[in-house]
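Undergrad:
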Amino acid sequence: MEPVRTPQTAQTTQKTLVIKVTAGADAPERCSQAFTVAAVAVASGVRVSLWLTGEAAWFALPGRAAEFELPHAAPLPDLIESILSAGEITLCTQCAARRDITQDDVLEGVRIAGAQVFVSEIMVDGVQTLVY
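Okay, so the sequence shown: first residue is 9 according to our numbering, each after it adds one.
#1: For Gly-95, I'd like the list of residues in its chain whose CB is within less than 6 Å of its CB, leaving aside the five on either flank, ordered along the chain.
#2: Secondary structure at Glu-96, three-state DSSP: helix, strand or coil?
#3: What residue range does the alpha helix (DSSP H) around Ile-27 cover?
#4: Mind reading off the beta-carbon distance from Ala-81 to Ser-40? Whole number of angstroms is fine, and I expect it under 8 Å.
#5: Taking the C-alpha atoms as reference points, what is the distance between Leu-87 and Ile-97?
#6: In three-state terms, what does DSSP make of Arg-107?
#7: Does DSSP classify Leu-84 as helix, strand or coil?
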């Protein structure tokens with residue numbers, strides 16, 4: 009037997025949220041907010057694609073999120089784990105190259121992709137895009 013779907017849950021499960029985070033430790037509140045919104049959306053049943061660009065690119069590497077601290081914020085490693093459990097995390101190709109990061113270096117489940125993939129994701133009908 010399938011679960012009963014209310015109009016609210018039916019709408020939520022069909023939505024996609026693409027979040028591009030450009031901030032890292034250089035702008036901790038903005039960075040934390042992007043990861044928090046992505047994790048809450050995943051927990052709410054929204055399909056999430058989180059893109060790491062700029063200084064946020066470093067968080068694709070094992071151990072880097074554990075170095076991030078912001079008072080009264082959820083730990084970044086926990087947020088990343090939550091996002092990867094049911095969403096996608098993508099590291100920008102050019103951002104990775106500028107930092108000498110390869111696919112072999114990143115956390116399990118993180119992919120590296122370029123602007124053409126980002127554009128194809130955000131141009132789909134019904135997609136909401138946020139940039140932090």
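The beta-carbon is built from N, C-alpha and C at its ideal position, and this holds for glycine as well.
Predicted model, so just to flag it, every value in this text is computed and none were measured.
TA: The short version:
#1: What you label residue 95 is simply residue 87 of the sequence shown in a count that begins at 1. Val-50, Val-56, listed in sequence order.
#2: The count along the sequence shown starts at 1 and reaches residue 96 at position 88. For Glu-96, the three-state secondary structure derived from DSSP is strand.
#3: Position 19 of the sequence shown, counted from the first residue, corresponds to residue 27. Element bounds for Ile-27: not the alpha helix (DSSP H) but the beta strand (DSSP E), 24-29.
#4: For the purposes of this step, residue 81 is taken as residue 73 along the sequence shown, with counting starting at 1. For the purposes of this step, residue 40 is taken as residue 32 along the sequence shown, with counting starting at 1. With a Cβ gap of about 4 Å, Ala-81 and Ser-40 count as contacting.
#5: Numbered from its first residue, the sequence shown carries residue 87 at position 79. Numbered from its first residue, the sequence shown carries residue 97 at position 89. Cα to Cα, the separation comes out at about 11 Å.
#6: As a first step, residue 107 is located in the sequence shown; it is residue number 99 there, counting from the start. The three-state secondary structure of Arg-107, taken from DSSP, is coil.
#7: One-based indexing of the sequence shown puts residue 84 at position 76. Helix.
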